[in-house]
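Colleague: Pasting a structure here, questions to come.
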Amino acid sequence: MPQYKHIFFDLDHTLWDHDTNCREALSEVYEIFKLETIGIESLAAFQENFNEINYRLWGQYEKGDISQHELRHDRFRLVFTSLGVSDHEICDELSDVYLSICPKKSNLLPFSIETLKYLFPKYPLHIITNGFNETQDTKMISSEIRHYFRNIVTSQESGFKKPDPEMFRYACKIAETKPEQCLMIGDNFYADVLGAMNVGMDAVFFNPNAVNVIEKPTFEIQNMRELRYIL
């Protein structure tokens, strides 16, 4: 088994339970703005449409097709349009409220804390995320995991986005290490796993839903407890 000197984690969908936290935040937003009174009669439809549109926009952002501003400005407008609501007057305020609520949610994926407690005495731990500085920091503080990590490398800080090799090289530079001494752990096969492997890092594909992939990662796990067999 390789002897790694540094461990890098993705944050959203790997440690921080994005789906649960997002669902809770959208439920609060739905009530605060009384969205049923403007024609959005189903909370479930609101959540489902947001998830689909947000996923698509994040993909565009990661490819460099849209900016952070466009991502945040457009997503609720597109949700409203998809649900047949043409009046977008409240969308900017709604977006601001959502962004103030969601990062403060503290749900983590199963065994995240247990795993971090296990790894923390053994390795320097770091985060590599395509998220934004303030948002990601708030998530980690709210979920009480910030203290486990030496460095939080964001796309906003680095100027690069996973799977760009420069994102991983930048992270290694910040950690004062080399790719071949590192292990990357993430749920996104394209951005986290292939991105890391393309610069010479080993990578763990966190794959709780057993998604089939064409290329073989260095390691694959379905829950965080399995990292104990690797590290």
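In my numbering, the protein residues as written are 56 to 286.
Built from N, CA and C at the ideal position, the CB exists for glycine as well.
The model shown is predicted, which means the values in this text are computed figures rather than measured ones.
1) Can you list, in chain order, the residues of its chain whose CB lies under 6 Å from that of residue 280, leaving out five sequence neighbours each side?
2) To which residues of the same chain is residue 132 closer than 8 Å at the C-beta, ignoring the five residues directly before and after it?
3) For residue 239, which three-state DSSP category applies?
4) Whose C-alpha, out of 212, 152, 111, 247, is nearest the C-alpha of residue 259?
5) If you drop the 5 nearest sequence neighbours on each side, which residues of the same chain put their C-beta closer than 7 Å to that of residue 198?
6) With residue 259 as the anchor, note down where its beta strand (DSSP E) starts and where it stops.
7) Could you give the distance in angstroms between the alpha-carbon of residue 266 and the alpha-carbon of residue 240?
8) In three-state DSSP terms, what is residue 253?
9) Please state whether DSSP places residue 142 in a helix, a strand or coil.
Modeller: Put simply:
1) Taking the sequence shown and counting its residues from 1, the one referred to as residue 280 is at position 225. Excluding five sequence positions before and after residue 280, the CB atoms of its chain that fall closer than 6 Å to its own CB belong to 166, given in chain order.
2) The residue labelled residue 132 in the question sits at position 77 within the sequence shown. Hits under 8 Å: 143, 146.
3) What you label residue 239 is simply residue 184 of the sequence shown in a count that begins at 1. Looking at residue 239 - three-state DSSP - the assignment turns out to be strand.
4) Looking up residue 259 in the sequence shown gives position 204. Taking the Cα of residue 259 as reference, the smallest distance to any Cα among 212, 152, 111, 247 is reached at 247.
5) On the sequence shown, residue 198 is found 143 positions in, with the first residue counted as 1. Correct list, in chain order: 71, 161, 163.
6) What you label residue 259 is simply residue 204 of the sequence shown in a count that begins at 1. Counting along the chain, the beta strand (DSSP E) containing residue 259 begins and ends at 257–261.
7) By 1-based counting over the sequence shown, the position of residue 266 is 211. By 1-based counting over the sequence shown, the position of residue 240 is 185. Going by the C-alpha atoms only, they are around 16 Å apart.
8) Working through the sequence shown from its first residue, we reach residue 253 at position 198. DSSP places residue 253 in coil when its eight states are reduced to three.
9) One-based indexing of the sequence shown puts residue 142 at position 87. Correct three-state label for residue 142: coil.
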